[in-house]
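Engineer:
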Amino acid sequence: MTMNNQLTVRPVATDIEAQETRRLLTEQIHARIEAPMPTGPVHDDGTLRPTLIGAWRDNRLTGAALIGPAIQAARQMLAGQGTTPGTYQAAQTIMRHVAMSEAIAVHPDHRHEGIGLEIKRFCDTWAARH
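So the sequence shown is numbered by the working numbering: it starts at 59 and just counts up by one.
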């Protein structure tokens, strides 16, 4: 997705982009990110899996996101309800069909420019396709 002001939002494509994206997320989000974070780009085969998203302007990373299956929600369901067959199946369905934006961060120098909103919109579209 490209905006008129040259902002490009997309999944990371290289190990270096993944490293930069992970760094931005961990530096800007002071709470521990519970979801598994990929170490590199993820092959998009249409399935729901943890994916790093980056927002670039002029070849510089300005924002980032981690999106993937709602693993924590499924775990909480199992912890609260036990492991009855129905609960286990429901948790599996959540992990296969429910996407969650685990983290969205924008570099401090680029806040209040609408980057976070564009990342959120991209993640919503990405989730609908996966």
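C-beta atoms are modelled at their ideal positions from N, C-alpha and C, and glycine is treated no differently.
For the structure I just gave you, are there three or more beta carbon pairs, one from the region 118 to 133 and one from the region 149 to 167, closer than 8 Å?
Structural biologist: yes
Engineer: Determine whether the beta carbon atoms of Gly76 and Thr97 lie at a separation below 8 Å.
Structural biologist: First, the amino acid is wrong: residue 76 is Ala here, not Gly. Cβ atoms of Ala76 and Thr97: closer than 8 Å.
Engineer: Assuming the contact rule is C-beta atoms closer than 8 Å, Val67 and Ile111 should be a hit. Round their C-beta distance to whole Å, please.
Structural biologist: 7 Å
Engineer: Could you check whether Ala89 and Ile177 sit closer than 8 Å to each other, using their CB atoms as the reference points?
Structural biologist: no
Engineer: By how many angstroms is the C-alpha of Gln150 removed from the C-alpha of Pro143?
Structural biologist: 11 Å
Engineer: Ordered along the chain, which non-local residues of its own chain (more than five positions away) have a Cβ less than 7 Å from that of Cys181?
Structural biologist: Result list for Cys181: Ile111, Ala123, Ile125, Ser159, in chain order.
Engineer: Tell me the rounded alpha-carbon separation between Trp114 and Thr120.
Structural biologist: 5 Å
Engineer: Does DSSP put Glu75 in a helix, a strand or coil?
Structural biologist: Of the three classes helix, strand and coil, the one that applies to Glu75 here is helix, per DSSP.
Engineer: Going along the chain, which residues of its own chain have a beta-carbon closer than 8 Å to the beta-carbon of Pro99, five neighbours each way excluded?
Structural biologist: By the criterion of a C-beta distance shorter than 8 Å, Pro99 is surrounded in its chain by Pro69, Val70, Ala71, Thr72, Asp73, Glu75, Ala76, Leu110, once the five residues flanking it on both sides are discounted.
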